[in-house]
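Protein chains in written order, with our numbering: chain A, 1 to 208; chain B, 1 to 470. No residue lacks a Cβ here, since even glycine has one placed at the ideal position from N, Cα and C. One structure below.
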Amino acid sequence: MELRVFLREVWRYLFFITGAVLLVAVLAFFVSNATAKTYTAESRLVVTAGLGTDGTGTDTVLAAPRVGQTYAVLATTMPVLQKVIDRAGLSYDPVELLRHLNVTANLDTPFLVVTMIDKDPAVAAATANALGDVLVEMSTVASTDGTAGRDLLAVVEAASVPTDPSGPRVLFNTVLAAAAALVIALVIVALVATLRHDPAQPSGVRVG
Amino acid sequence: MSLLQGDLAEGVGGLRLGWAGAYRVANRNVGTQLAVGVVLGLLYLAVVALSIGQAAFLLIAAAAAIALVWPGVGLATLALILPMREPDLFQPLYVVSIVLGSTAFGCLLRLPGDPHELPVRPAIVLAVGYAVYTVISVVPTVSGYPVAWAPTAALEALRIVSGLGIFLVAGYLFRSIPWRPVIAIALLGASLAAVLALLPFWHIGPLGSLAGLLNPQATDRASGGFSNANYLGFLAAQGALLALGCWRITPSRYRPLLAVALASLVTATVVSFSRSAYIGTVVGVLVLALLRSRRIALVVAIVAAILAVVLYPTFLEARLAGNEVLDPSVIAARAQSENWRSLAFAAGISIFLTEPIFGVGYGVFQHLSPPYIGASPATFSHDAYVQILAEQGLVGVLMVATVLVSLAVSLVRSSHPLRSAGIAMGCGYLVQSFFINSTTSIQISGLLCLTLAAALSAIPDRPVERAEET
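Given below as structure tokens:
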């Protein structure tokens, strides 16, 4: 099929193409809007100076990210998750909670980021904070001289209750659905035009 | 040069001559166009090697400007420089996209005066639609991601568009430009890239004067101008399959040259120590053999299996650069590397499950994967299929799969002499893509795009169209 023929066919089916794109876009918009919204709350913890003697030594700087990683793994263990559930009063079981919760730490910084996604913004924030508190409590190192113990972790930024939902992405879904509908409609027009104008040539085979 | 001057003058005067004049100029002196393209490409590589930025800029500007009048120049330059390392000078754009853009514009200028039909197939409509769909999804307003993520996503989208662009532009030009010299130039480019990897690996020659074309972060394994040895292996395997596929259709007087190219590409594949490149090569060779006869394919399969069993320990020793295979630290490092790959794969599936329909958005995998991969530094998926699944969801997978199936069907039905090479390269590419994000690298994908364009669009062995003197 020749380019001019294709463009003529697109013009001919313009109503169908526009209608399909609009219909799909409207559908995607309403479905996305109707889908339960999710909220993301984030709290940040830091590996504190408690590691070294004065907290500024090279050992502390080098060890902190690794300690952070250890706690990131510890945070996903069942006993810790159960503590979080009890403290935040959640209805999840630990395995279920793990699907909503992420704890990230990398080798470059001493920070841990706790991320909780939930349909209830208050629950998301409360859970992220509860996990932070549990980790801080577990990081307490007993002192040998009878003074108060030191915490290896400290909360630097508690999670606040999110006001805007993080999902579903209504605009993203609507625009991509419309774009996909446009592509599919144009392919259908191209197929129909190919069958009409080059009936002997199966699609995809060079003509001429 | 007077030819070019005359055509440039006529091209500039195209406003007077009209579209038919522009088409006529673009179709003239095809051999000269290709020669000019190769010379410009070689000069560009020389000045990039010597890190003379301004000269490289001028040469690319010249190639881009000439390609507007003579698109064949742009095609030849592209064919030569596709597998080469891009200098930082041109970022955020890339040399390939600059030359390709101007060649495409040159084609568009000649389009209204083109007396031949321009075929449009549903698969092409879908491929172009997929590229547009991909570009739309990286716009920060649409994706909702931080603007800081947009540049890397846009660059990855640019590479997808460039790959498709090479296929379409070359496909259009192959209707009037003979495909054999262009594929020969592409093989020359791939062979040069292979030799550039072999020289530093064997410490041969004044390597300092090639610095601009080599990856500054050299490793124990040969990598040349590629970001790592696996990418070199990918390109070298693709080049070797192209050379093998072209063997039977190459006149005997050119076969010594083809043998040299094949030897350099096979050697580069071997010293890349890339398992994915080995698997891709074996699959490609097997397909080539199968296209000739089942018996030969069976023999190739048995030989490959025996070689794999016998040579694997030697391969491991060589890959580990003299370290003991059974050294616990070496075993641990290997296990860690494989664990990182598994983590990246699992991360891809987890990310896909968060947004299965449209995916999380193109070019953001590396930003979203850290929560799923623990301490692993491998934030990319290292698997083109998982990457598409996670970033573009089921809709993206469906589009890509449909384009691939259409391409495969067209290739199988094609009667073009490059059919076998195209099928073998395609199979090798598909297999290797399980281990590398192949679609986001023009360095390794460009050769296949060019070969497929020739195999699907070029008129087989049509005599060179002479200037249409009127």
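The segment 261-271 of chain B and the segment 178-195 of chain B touch, with no fewer than 3 CB-CB distances between them shorter than 8 Å. Interface annotation, Ser137(B): in contact with chain A, CB-CB separation under 8 Å.
One finds Arg169, Leu171, Phe172 in chain A with Cβ atoms closer than 8 Å to the Cβ of Gly144(B), taken in chain order. According to the DSSP secondary-structure assignment, Met116(A) is paired through a beta bridge with Ala41(A), Leu101(A). By the rule that beta-carbons nearer than 8 Å mark a contact, Glu86(B) does not touch chain A. Pairing His197(A) with Met1(A), the inter-Cα distance amounts to about 6 Å.
In the three-state reduction of the DSSP assignment, Arg248(B) falls in the coil class, being assigned neither a helical nor a strand state. Around the C-beta of Val38(B), 16 or more other C-beta atoms lie within 10 Å, and the residue is accordingly described as buried. Bounds of any beta strand (DSSP E) do not take in Glu156(B); it lies within the alpha helix (DSSP H) bounded by 150-173.
Only residues of its own chain outside the window of five on either side were considered, and among them Tyr39, Val161, Pro162 have a CB closer than 6 Å to the CB of Pro121(A), listed in chain order. Taken through DSSP and simplified to helix, strand or coil, Phe434(B) comes out as coil.
Within the model, the alpha-carbon separation for Glu137(A) versus Asp151(A) is close to 7 Å.
When Cβ-Cβ separations below 8 Å define contact, Glu156(B) makes no contact with chain A. Assignment of Thr140(A) by DSSP, reduced to helix, strand and coil, places it in the strand class. Taking a C-beta cut-off of 9 Å against chain A, the contacting residues of the segment 114-141 of chain B are His116, Glu117, Leu118, Pro119, Val120, Arg121, Pro122, Ala123, Ile124, Val125, Leu126, Val128, Gly129, Tyr130, Val132, Tyr133, Ile136, Ser137, Val139, Thr141, listed in chain order. With contacts defined by Cβ atoms closer than 8 Å, Leu109(B) and Leu78(B) do not form a contacting pair. If you draw a 10 Å sphere on the C-beta of Asp118(A), you find 16 or more other C-beta atoms in it, and that means buried.
Scanning chain B for C-beta atoms nearer than 7 Å to the C-beta of Leu186(A) yields Val125, Gly129, reported in chain order. Legend: CB atoms of the segment 148-159 of chain A lying less than 9 Å from CB atoms of chain B are not found in any residue. With respect to Met78(A), His100(A) sits apart: the two C-beta atoms are not nearer than 8 Å. The alpha-carbon of Thr379(B) is positioned some 33 Å away from that of Phe57(B). As computed with DSSP, Arg150(A) is found in a beta bridge with Val141(A). Secondary structure note for Thr134(B): its alpha helix (DSSP H) is the uninterrupted segment 122-137.
Taking a Cβ-Cβ threshold of 8 Å, none of the residues of chain B is close to Glu96(A); the smallest such distance is about 15 Å.
Relative to Ala154(B), the option among Ile166(B), Gly163(B), Val139(B), Gly144(B) whose CA is nearest is Val139(B). Between the C-alpha atoms of Leu171(A) and Ile177(B) there is a straight-line separation of about 45 Å. Asn33(A) is outside the set of residues whose beta carbon lies under 8 Å from a beta carbon in chain B. Gly53(B) and Asp88(B) have their C-alpha atoms spaced approximately 9 Å apart. Put simply, the segment 5-12 of chain A does not touch the segment 85-93 of chain A. Fewer than three CB pairs are less than 8 Å apart. Three or more beta-carbon pairs separated by less than 8 Å are not found between the segment 409-419 of chain B and the segment 359-372 of chain B, which leaves the two stretches without contact. Between Arg85(B) and Gly225(B), the gap from beta carbon to beta carbon is short of 8 Å. Listed along the chain, the chain B residues whose CB falls inside 7 Å of the CB of Val175(A) are Ile136, Val142. Excluding the 5 residues flanking it on each side, Gln69(A) has same chain C-beta neighbours closer than 6 Å at Ala105, in chain order. Partner residues in the beta bridge of Glu2(A), as assigned by DSSP, are Pro119(B).
Contact between the segment 155-170 of chain B and the segment 127-136 of chain B is present, with at least three C-beta pairs closer than 8 Å.
Comparing alpha carbon positions, the residue from Val73(B), Tyr44(B), Phe90(B) closest to Ala170(B) is Val73(B).
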